[in-house]
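Once you know that position 19 of the sequence shown is 19 in my numbering, the rest is easy, because the numbers rise by one and skip nothing.
Single-structure report; data block below.
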Amino acid sequence: MSLHHVTTETTGNSTTVTIDGLFRMTVVNGLATIHLAGKDVYVERDDSANVITVAPYHPRLAYVAPELRDQIRAELGL
C-alpha cells in the first residue's frame, strides 16, 4: 500500500500524474516534465542503470522520527 495519494488527469495530448508529497509529472507529446513537491524531496540518478529515484526525504533520514527530520536535515546539511 502506498503512503502517497496518486492522481492522473488526461486532457487532449497532455497527461498529468501527481504523487502527493513527491512530484507532479506532465507529459505532452512525449516530453515529460517533473515538478518536485518541495525542496526536501530527494532525487538520485544512476546513469549506468538509466534510473532516477525520487524519495520524500534523503535516505539518511529514513529512520529518523518525522518530527525530527527538519532538525537532523539541517545538522547533516541536507
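We treat Cβ as the ideally placed atom computed from N, Cα and C, and that holds for glycine.
Just so it is clear, the structure is predicted and the values come from calculations on it, not from any experiment.
Check residue i in the structure and name its three-state DSSP category.
| i | result |
| --- | --- |
| leucine 31 | strand |
| aspartate 70 | helix |
| leucine 76 | helix |
| glutamate 9 | strand |
| methionine 1 | Confidence at methionine 1 is low in this model, with a pLDDT of 46, below 50, so its placement is unreliable and the value that follows should be read with caution. Methionine 1: coil per DSSP, three-state reduction. |
CA-CA distance, residue i and residue j?
| i | j | result |
| --- | --- | --- |
| glutamate 9 | glutamate 75 | 39 angstroms |
| alanine 37 | glutamate 44 | 15 angstroms |
| proline 59 | aspartate 40 | 11 angstroms |
| leucine 68 | valine 17 | 30 angstroms |
| valine 6 | alanine 65 | 24 angstroms |
| arginine 73 | aspartate 20 | 21 angstroms |
| methionine 1 | asparagine 29 | Because methionine 1 sits at a pLDDT of 46, beneath the cut-off of 50, its placement in the model cannot be relied upon, and the point is left open. |
| alanine 62 | isoleucine 52 | 18 angstroms |
| aspartate 46 | glutamine 71 | 28 angstroms |
| tyrosine 42 | asparagine 50 | 17 angstroms |
Among the options, which has the Cα closest to the Cα of residue i?
| i | options | result |
| --- | --- | --- |
| threonine 33 | Thr53, Ala62, Arg24 | Arg24 |
| valine 27 | Gly12, Val41, Asp20 | Gly12 |
| leucine 22 | Gly77, Gly30, Tyr57 | Tyr57 |
| histidine 4 | Asp70, Ala62, Thr15, Ala55 | Ala55 |
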